[in-house]
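*Asks:* Pasting in a structure now, in structure tokens, and then I'll have a few things to ask.
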Amino acid sequence: MQHMLSSRWLRIFLFLLILAIPLTGMVFIGCGGDDDDDDDDDDDVPAERGRVVRDLASAYDQQIMTLWNVFRLRMLSGQTELEGIDITSDAAFDTLDHLYTTVNEYAHYVSTVGPAGILRRSAPAEWDTVNTGTDLSSATAFVNVSANLIPSIGPVYHNQNGWCFHYMRPVIPGQSLESVLLAEASFDTLMRRTFAYHSQQSHEDECVLILEPDGRIIYDEDGEFYGEYFNNEDLFSQEHIAVADRILSETDGYDTYISDDVPGHGETGGERIIGWDDVIVEDSYWIMVVTEPVE
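When the sequence shown is numbered by my numbering, its final residue is 306 and no position is left out of the sequence of numbers.
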């Protein structure tokens with residue numbers, strides 16, 4: 012188990028290293044991959060079907076990262092433009108307002124945050140007065156940015172704008188943190204665009220979930236389990252929990268399990284193939300999970 016966890020964080024480190032290299036173009040969706048790692052998967056899983064479901068999860072992951080890289084590069088540009096600007100000034104607002112016009116597909120607003128975690132200016136204008144003075148010093152993304160001086164995302168949460176998360180980038184013109192660029196990113200939009208692009212690839216009776224590293228469900232197409240935990244023993248059978256433990260400790264794979272017949276949920280009982288793959292996003296990751304009936 013320790014080896015598998017180390018492997019997962021090694022992948023995150025290598026991804027962050029790659030992000031330091033300027034991008035020369037966008038890579039779009041493609042399924043497949045090296046199947047040599049399939050030897051450790053459950054021998055009872057129909058191998059070909061299992062790989063197809065796992066690769067579908069991987070394809071969704073790649074589309075998320077294609078969309079994310081567009082957003083990330085635009086935020087990087089805004090971060091650079093804020094260097095040396097008084098974050099309480101009209102010049103800061105003008106910079107944010109211009110940035111917002113380039114990222115409004117992905118974000119509800121963008122803001123400047125001081126080194127102590129106090130939010131200063133926001134765009135568009137309707138958010139400027141509302142947000143000013145908000146204390147974000149204990150927000151997960153801000154804590155990570157200020158401690159490590161790297162971009163960070165926070166947990167997914169729900170408010171009047173839908174399902175969202177904080178995306179923060181450090182503004183460091185010198186050797187210390189000058190300010191932080193914040194976007195309240197729309198998780199709903201990111202997922203809608205991901206699955207719209209892949210609607211032609213989705214299979215009948217397919218079920219898609221996205222998990223945070225601790226197992227919290229942050230996307231459920233039926234909407235029944237948002238905020239629940241995929242390894243919650245009060246909701247799911249022991250067989251389900253055993254598969255959930257694999258998913259939370261291995262970077263990718265496939266398996267079979269007997270689905271719980273949960274009232275009000277679209278996925279009813281029966282044997283299903285489940286495939287998963289990590290989505291590495293800045294300093295963290297989400298887990299894409301796809302299931303289909305065996306028959």
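Note that beta-carbon positions come from the ideal geometry of N, C-alpha and C, so glycine has one too. Here the structure is a predicted model, which means the values were calculated and not measured.
Out of Ala118, Gly234, Leu259, Gly286, state which residue places its alpha-carbon closest to the alpha-carbon of Phe198.
*Replies:* Nearest of Ala118, Gly234, Leu259, Gly286 to Phe198, Cα basis: Ala118.
*Asks:* Given this structure, state the Cα-to-Cα distance separating Trp138 from Ala194, to the nearest angstrom.
*Replies:* When rounded, the distance between both Cα atoms is 12 Å.
*Asks:* So, at 7 Å on beta carbons, what are the nonlocal neighbours of Asp146 in its own chain, with the 5 sequence-adjacent residues on each side left out?
*Replies:* Contacts found: Gly128, Ile129.
*Asks:* Could you check where the alpha helix (DSSP H) with Asp72 kicks off and where it finishes?
*Replies:* That run of the alpha helix (DSSP H) goes 58 to 93.
*Asks:* Tell me whether Gly140 is buried or exposed, calling it buried when 16 or more other Cβ atoms sit within 10 Å of its Cβ.
*Replies:* A small correction: the amino acid at residue 140 is Thr; Gly does not occupy that position in the sequence shown. The residue is exposed, with fewer than 16 neighbouring Cβ atoms inside 10 Å.
*Asks:* Are there 16 or more other CB atoms within 10 angstroms of the CB of Leu220, so buried, or fewer, so exposed?
*Replies:* Buried: at least 16 other Cβ atoms inside 10 Å.
*Asks:* I'd like to know if Glu244 contacts chain C, where contact means its C-beta is closer than 9 Å to some C-beta of that chain.
*Replies:* As a matter of chain content, chain C is missing from the structure shown, which is built from one protein chain.
*Asks:* Look at the Cβ atom of Val182, then the Cβ atom of Phe153, and state whether they are nearer than 9 Å.
*Replies:* No, the pair does not count as a contact, with Cβ atoms beyond the cut-off.
*Asks:* Are the stretch 94 to 109 and the stretch 69 to 80 touching by the rule of at least three beta carbon pairs closer than 8 Å?
*Replies:* Contact between the stretch 94 to 109 and the stretch 69 to 80 is absent, because fewer than three Cβ pairs lie under 8 Å.
*Asks:* Nearest to Thr262 by CA position, among Glu239, Leu67, Asp288, is which residue?
*Replies:* That would be Asp288, whose Cα lies nearest to the Cα of Thr262.
*Asks:* Between which two residues does the beta strand (DSSP E) holding Ile270 run?
*Replies:* Before going on, a small fix: residue 270 reads as Ser here, not Ile. Counting along the chain, the beta strand (DSSP E) containing Ser270 begins and ends at 263 to 270.
*Asks:* Using 10 angstroms around the beta-carbon of His251, count the other beta-carbons present and answer buried if the total reaches 16, otherwise exposed.
*Replies:* It is buried - the Cβ of His251 has at least 16 other Cβ atoms within 10 Å.
*Asks:* Alpha carbon to alpha carbon, what distance is there between Ser133 and Asp108?
*Replies:* So the two alpha carbons sit approximately 8 Å from each other.
*Asks:* Under 6 Å Cβ to Cβ from Val300, same chain only, skipping five residues before and after it: list those, please.
*Replies:* Answer for Val300: Leu220, Trp287, listed in chain order.
*Asks:* Please state whether DSSP places Ser163 in a helix, a strand or coil.
*Replies:* Looking at Ser163 - three-state DSSP - the assignment turns out to be strand.
*Asks:* Could you tell me which residues DSSP puts in a beta bridge with Val301?
*Replies:* Val219, Gly286, per the DSSP bridge assignment.
*Asks:* I believe Pro89 touches Thr106 by the beta-carbon criterion, under 8 Å. Please report the beta-carbon distance rounded to the nearest angstrom.
*Replies:* Here the sequence assigns Gly to residue 89, which means Pro is not the residue at that position. With a Cβ gap of about 7 Å, Gly89 and Thr106 count as contacting.
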